[in-house]
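Protein sequence lines, in the order shown, are assigned to chains A and B. Under the numbering used here, the first residue of the first sequence is numbered 1, with each subsequent residue one higher. Under the numbering used here, the first residue of the second sequence is numbered 1001, with each subsequent residue one higher. Virtual Cβ for every residue (Gly too), placed ideally from N, Cα, C. Worksheet for the structure shown next.
2 protein chains.
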Amino acid sequence: MPKEIDTNTEQKILDSATKVFHEKGYDGTRMQEIADDANINKGLLHYYFKSKDSLFETIFSLALGKLISKIQVILELEIPLEMKIDLMVEEYMNMLSKNSYLPRFVLNELNKNPEKFIAKHIGNNMKNTFSGFALSVKKEVDAGLIRQVDARQLFMNIISMIIFPFIGRPMIQVVIGIDNKEFQELIKERKDHIKSFVKQAIKK
Amino acid sequence: MPKEIDTNTEQKILDSATKVFHEKGYDGTRMQEIADDANINKGLLHYYFKSKDSLFETIFSLALGKLISKIQVILELEIPLEMKIDLMVEEYMNMLSKNSYLPRFVLNELNKNPEKFIAKHIGNNMKNTFSGFALSVKKEVDAGLIRQVDARQLFMNIISMIIFPFIGRPMIQVVIGIDNKEFQELIKERKDHIKSFVKQAIKK
DNA sequence: GTCTATATCATGATAGAC
DNA sequence: GTCTATCATGATATAGAC
């Protein structure tokens, strides 16, 4: 009797594939390594997923969704700018803490074929996502609550401060001179730091 | 007579290898592609560089040096904090604008073997590099010129805002909804934006 | 120094037994 | 569904002629 019930094989493959692809990227990943990690053999891997490409597509789409959808939802909420910023920082940092390889993986693969990504995974429903944020900024500026600021630059700043440490970690640790534990500490404190840093920067 | 004088073959190889490695990373790079780009054949490539690994080592060391050395020098300068920040932004953004693949390449490869990098390329002379920056911050705080701020977080903020757009470009363009030209415009304006953003954030 | 083979090996993928 | 071969391809690296 095929073991099926208790630990679904397809799920085991997806878990292992996620792990390996995220760490090593498409080019650096071997089907053998995924099979080993999932405790099955290559043959079975190809039984579930026709090719490395098709398996990769699955993993990549999931990862891209994770990275984009959260921010998309927040940007489109009709809430005051300050809350929006807090939410972005809070939600995104939490998610990245649990998936530290995610941004590097997605942005890398994205960079190898940007066209494909833009066409396939986004469509044009992203158009109004950012205008939601830009509008929030404009409102506050017009009301005299914050300084005049380019919403696009502000968005880049926030997203940069949130994501970059997870990508630049080795460099940061060496330059600042801290070990893994201290880095984790900094990340923990970082949510509050970014929130107040940004607010201070735009407040009138 | 071997053509040697006018376009040095080794340099041509280094140029092509830089181009291909930076774009595709170690795993994605084929020796054939480097040879093609340099208009020579694979055999000759191995005549100049024993292996793909040795060629990669050369390219990676150069890239890492470019990414680290500039910041190291600036951080160690004995100048006021404000000038230090301006210099970091100015110099780094200029360099990255001319080498937009550099940070992605270095940080990626770095992440694949951080140990090797830390041991080999840095040593311990980085220790006092960051203390130079931390000291600049402390001075200003003590003098009551800026708000109390964690120098490590501040450093992360600055470096993130400078580097991330070059890594996250495809994502940013899609989310904000801008084309290549508009992105270039934003990058140009970004130097001044970051400078004032940071100063506003820390000013008392 | 430069080129044309060619050896060697690793990897993605398939065929077929159980 | 799962495993054990095995094939076919493509990549690094070397040998040897010019």
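Nearest-angstrom Cα separation, counted from residue j out to residue i
| i | j | result |
| --- | --- | --- |
| A:Gln-200 | A:Gln-148 | 13 Å |
| A:Ile-141 | B:Asp-1179 | As written in the sequence, residue 141 of chain A is Val, which differs from the Ile given in the question. Cα to Cα, the separation comes out at about 26 Å. |
| A:Pro-2 | A:Lys-42 | Because A:Pro-2 sits at a pLDDT of 48, beneath the cut-off of 50, its placement in the model cannot be relied upon, and the following sentence gives the value as read from the coordinates. Cα to Cα, the separation comes out at about 17 Å. |
| B:Gly-1065 | A:Ile-68 | 33 Å |
| B:Glu-1023 | B:Glu-1115 | 23 Å |
| B:Leu-1055 | A:Leu-62 | 35 Å |
| B:Lys-1050 | A:Ser-16 | 35 Å |
| B:Gln-1153 | A:Thr-7 | 43 Å |
| A:Gly-177 | B:Gly-1132 | 12 Å |
| A:Val-174 | B:Asn-1113 | 13 Å |
| B:Arg-1190 | B:Lys-1181 | 14 Å |
| B:Ser-1196 | B:Ile-1159 | 15 Å |
| B:Lys-1098 | B:Asp-1053 | 26 Å |
| B:Glu-1185 | B:Ala-1143 | 38 Å |
| B:Glu-1057 | A:Asp-27 | 19 Å |
| A:Asn-111 | B:Leu-1081 | 35 Å |
| A:Asp-192 | B:Asp-1192 | 25 Å |
Residue burial classification, residue i (beta-carbon count within 10 angstroms, cutoff 16)
| i | result |
| --- | --- |
| B:Met-1083 | exposed |
| A:Asn-157 | buried |
| A:Ser-136 | buried |
| B:Gly-1168 | buried |
| B:Leu-1077 | exposed |
Cβ separation of residue i and residue j, assumed to be a contact under 8 Å, to the nearest whole Å
| i | j | result |
| --- | --- | --- |
| A:Thr-18 | A:Ile-59 | 5 Å |
| B:Met-1161 | A:Met-161 | 7 Å |
| A:Met-31 | A:Leu-45 | 6 Å |
| A:Lys-203 | A:Ile-118 | Wrong, their Cβ atoms sit about 35 Å apart, outside the cutoff. |
| B:Leu-1163 | A:Phe-164 | Position check: residue 1163 of chain B holds Ile in this sequence, whereas Leu was assumed. With a Cβ gap of about 6 Å, B:Ile-1163 and A:Phe-164 count as contacting. |
| A:Ser-79 | A:Val-198 | Here the sequence assigns Ile to residue 79 of chain A, which means Ser is not the residue at that position. Contact doesn't hold; Cβ gap of about 16 Å is too wide. |
Neighbourhood of residue i by C-beta distance below 8 Å, restricted to the same chain and skipping five residues each side
| i | result |
| --- | --- |
| B:Gln-1072 | Met-1126 and Thr-1129 |
| B:Ile-1040 | Thr-1009, Lys-1012 and Ile-1013 |
| B:Lys-1138 | Ala-1151 |
| A:Gly-25 | Phe-105, Asn-108 and Glu-109 |
| B:Phe-1155 | Phe-1130 and Phe-1133 |
Cut-off 6 Å between Cβ atoms - residues of its own chain near residue i, not counting five sequence neighbours on either side
| i | result |
| --- | --- |
| A:Phe-166 | Leu-96, Ser-100 and Pro-103 |
| A:Ile-13 | Ala-38 and Tyr-48 |
Residues near residue i by beta carbon distance below 7 Å, same chain, minus five either side
| i | result |
| --- | --- |
| B:Lys-1070 | Glu-1091, Tyr-1092 and Met-1095 |
| B:Val-1020 | Thr-1029, Glu-1033, Ile-1034 and Asp-1037 |
| A:Leu-87 | Ile-74 |
| B:Ile-1194 | Val-1089, Met-1161 and Ile-1162 |
| A:Ala-134 | Ala-151 |
| A:Phe-183 | Arg-169 and Gln-173 |
| A:Ile-5 | With a pLDDT of only 46 at A:Ile-5, under the threshold of 50, the placement of this residue in the model should not be trusted, and no figure is reported. |
>> To test your reading of the DSSP string, which unbroken alpha helix (DSSP H) runs of 4 or more residues are found completely within the stretch 83-154 of chain A?
In response: 102-112, 114-117 and 127-142
> Unbroken alpha helix (DSSP H) runs of length 4 or more, entirely within the stretch 25-85 of chain A: which are they?
Replying inline: 31-37, 42-48 and 52-76
> Which runs of the beta strand (DSSP E), 3 residues or longer, sit entirely within the stretch 158-197 of chain A?
Replying inline: none
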